[in-house]
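For reference, the structure is listed below as structure tokens.
2 protein chains.
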Amino acid sequence: MKQQNSQQAEDYYPSRNGQPSIFLERQDPVVYSTDKNNCPIEQEKIQQYQENGFIVLEDIFSQSDIEALQAESTFLRQNSKDKHSGEVILEPGSGEVRSIFKIHESSAVFKKLATDKRLASLAEYLLGDKVYIHQSRLNYKLGFRGKNFYWHSDFETWHVEDGMPRMRALSMSITLTENYSFNGPLMLIPGSHRSFVVCEGETPEEHFKSSLKNQEYGVPTDQSLTQLVEEGGIVTATSKPGSVIIFDCNVMHGSNSNITPFPRSNIFLVYNSMANQVVAPFCERSPRPEFICTREKIEPVIPVVSNFNNE
Amino acid sequence: MKQQNSQQAEDYYPSRNGQPSIFLERQDPVVYSTDKNNCPIEQEKIQQYQENGFIVLEDIFSQSDIEALQAESTFLRQNSKDKHSGEVILEPGSGEVRSIFKIHESSAVFKKLATDKRLASLAEYLLGDKVYIHQSRLNYKLGFRGKNFYWHSDFETWHVEDGMPRMRALSMSITLTENYSFNGPLMLIPGSHRSFVVCEGETPEEHFKSSLKNQEYGVPTDQSLTQLVEEGGIVTATSKPGSVIIFDCNVMHGSNSNITPFPRSNIFLVYNSMANQVVAPFCERSPRPEFICTREKIEPVIPVVSNFNNE
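Same order as they appear, the protein sequences are chains A and B. Taking my numbering, I'd label the letters of the first sequence as residues 542 to 852. Taking my numbering, I'd label the letters of the second sequence as residues 542 to 852.
Put into structure tokens, the structure is as follows:
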């Protein structure tokens, strides 16, 4: 089933190529480092990450760190509403800001956050390499009218649409508001990162313009999801503000709608291994824009000890 | 602010009459009976109901009862798909059956359930009167694509659109599938039953045709909801199959979407006091059809000891 893309890179995870939905075995490690002595967090957590495809770390950031990150988030959101650039995604109905991309470039605070040793060194450990930011964004899920986000593997999209060759990337979601069970928190299927679910259909041109609001392609079939959930169940990542949810690029995740008055806001940083830089997309489409997928400006992150007081 | 409807009944809870959203104090008891010796459940639960506006009773039905109710539910759903009568509500996208109304008339099993002593005697106790079924339905919330249901007080609609004079009714939801935190379970705001939230706007003609799918009128403002939640919080009614969620007609409730593979199914029975029979609607619209609001065939329920084995 292996194919090659236009740059003649081998395609280990073909998807949306007209094949019916099947499971392919993961061909890449989950945790790349083996040197337990240099591990920045407890090995038990690393083991959990290996098995489930995600971990939640609490109390990483101090109260003042959290407040500084929240303040920067509010500032950016309030000052981006009228920016009709691609980086700013508005809610279809209300016109409120739903996401702002590339915040590790546009915000000094979030640039510093991306290099924060507590995050970046852990990313290096898990991926066993120097890392760079493949994508960053600030998400704001409205209260009352927050939409659901359907199940997906990030890697499936990053591979097909961005040309990310292998599973050697991860996401860190830094929560800025409390994730209750009822305000549309992240749901994950433990163990789902060990299989690659081939998605049906093909990729429309400029898919990103609609998929950021409502993904219709690159979604698994009901049958695939049922099988994954039968094997792994569903875990809801409830957490206090300032927690960090770290999840493998291929773990299946999604979220329900949010009709409660509690908005849900987080910073989303995707670290990719320097050895896993994107090539041409594994589909017959143009690459997505730089704000969604770093392609031109790939720079290794240098981990720095930081705090966010008095910013 | 009191008004009168076309039958000259006094309107204690005017809503959708062009007034801005305000809170009116409840003018009716929550628990009407005072004779503690004749209470069919523990007084502690009655006290909870009084304070929060709802209770969850588990282990009311035996395993074989539950299986019989589930079997009848599946049968009805499978045999109603092609019935394009008003009683059967289909999901807009998939054409699957979302709700079937008036099941206490159309199904012998559910007719018996509505008179089951475990339910009907408790309804009589809480409402302090003989009771009848104001509305009944079977709900089926799809997995994967189950829609959310926005916050509302049932009484607001029953009062305005059906002409239910006072707050002397309650709902019993008998769960047929497990209500997890993540498959769009019922969410309730404890204490919200003590205030009547006047809704803005007016009532469109034949509102029920759209409101059963997506309610746009008779919904509280963001500000009202925020205040209710600040005071009472949100409780998610997670429960095993066969549990009974009993909630006051005026408690604010709703549910999020369901993208998990687990469907959510329940039987919904509304008991109203015989002394609280509907009059003309408290709006300038025709009454809703009989399958949504019992108006012609009002018969007191006679509680009977039942089981559902070998149906």
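From the three backbone atoms N, C-alpha and C, an ideal C-beta is built for every residue, glycine too.
Exposure of B/Pro-841 is indicated by the presence of fewer than 16 other C-beta atoms within 10 angstroms of its C-beta.
In terms of Cβ geometry, A/Asn-720 and A/Ala-661 do not form a close pair [threshold 8 Å]. Exposed is the label assigned to B/Phe-616, since fewer than 16 other Cβ atoms lie within 10 Å of its Cβ. Here DSSP, grouped into helix, strand and coil, assigns B/Gln-604 to helix. Residue pairing of A/His-794 in beta bridges, as defined by DSSP: A/His-693, A/Leu-729. Here B/Asn-807 is not near B/Asn-724, since their CB atoms are 8 Å or more apart. Taking the CA atoms as reference points, A/Arg-659 sits about 8 Å from A/Val-846.
Judged by their CB atoms, A/Asp-763 and B/Phe-749 are not nearer to each other than the 8 Å cut-off. The Cβ-Cβ distance between A/Leu-565 and A/Phe-737 falls below 8 Å.
Within chain A, the residues placing a beta-carbon under 7 Å from that of B/Ile-800 are Asn-689, Tyr-691, Trp-692, Gly-795, Asn-797, ordered along the chain. Within the stretch 741-775 of chain A, the residues whose Cβ lies closer than 7 Å to any Cβ of chain B are, in chain order, Asp-763, Leu-766, Thr-767, Val-770, Ile-775.
Here A/Asn-558 is not bridged, per DSSP, to any residue. Using a Cβ-Cβ cut-off of 8 Å, A/Thr-716 does not count as an interface residue toward chain B, since no Cβ of chain B sits closer than that to its own. A/Arg-567 is positioned such that its CB atom lies closer than 8 Å to that of A/Asn-791. Taking a C-beta distance under 8 Å as the contact criterion, B/Phe-832 and B/Gly-627 qualify as a contact pair.
Residues of chain B whose Cβ lies closer than 8 Å to the Cβ of A/Ser-722 are, in chain order, Ser-722, Phe-723, Thr-777. Assignment of A/His-748 by DSSP, reduced to helix, strand and coil, places it in the coil class. Between A/Val-820 and A/Cys-834, the C-beta spacing is not below 8 Å.
For the stretch 661-692 of chain B, the residues whose beta carbon sits under 7 Å from a beta carbon of chain A are, in order, Phe-685, Asn-689, Tyr-691, Trp-692. From the beta-carbon of B/Met-728, the residues of chain A found nearer than 9 Å are Phe-723, Ile-800, Thr-801.
For B/Arg-735, there is no enclosing alpha helix (DSSP H), since its DSSP letter is neither H nor E. Of the residues A/Leu-654, A/Asn-578, A/Asn-558, the one whose Cα lies closest to the Cα of A/Val-785 is A/Leu-654.
Looking at the backbone, the Cα of B/Pro-802 and that of A/Tyr-691 are separated by about 12 Å. With 16 or more other Cβ atoms from the protein chains shown falling within 10 Å of its own Cβ, A/Lys-688 counts as buried. Remark: C-beta atoms of A/Cys-740 and A/Val-760 approach each other more closely than 8 Å. At a Cβ-Cβ threshold of 8 Å, B/Pro-706 and B/Ala-550 count as neighbours. Listed as beta-bridge partners of B/Tyr-666 by DSSP are no residues whatsoever. Approximately 11 Å separates the beta-carbon atoms of A/Val-672 and A/Tyr-573; this is outside 8 Å, ruling out the contact.
If you ignore the 5 residues before and after B/Ser-621, its C-beta comes within less than 6 Å of the C-beta of Val-629, Val-638, Ile-641, all in its own chain and listed in chain order. When the five nearest sequence neighbours on each side are left out, the beta carbons in the same chain lying within less than 6 Å of the beta carbon of A/Asp-670 are those of Ser-814, Met-815, Ala-816, in order along the chain. Across the set A/Ile-843, A/Pro-844, A/Ser-694, the C-alpha of A/Ser-694 shows the shortest separation from the C-alpha of A/Gly-594.
Straight-line spacing of the CA atoms in B/Gly-732 and B/Glu-772 works out to 8 Å. Contact check for B/Gly-783 and B/Asp-606: beta-carbon distance about 7 Å, within the 8 Å limit, so the pair qualifies. For the 8 Å CB-CB criterion, B/His-700 and B/Phe-823 form a contact.
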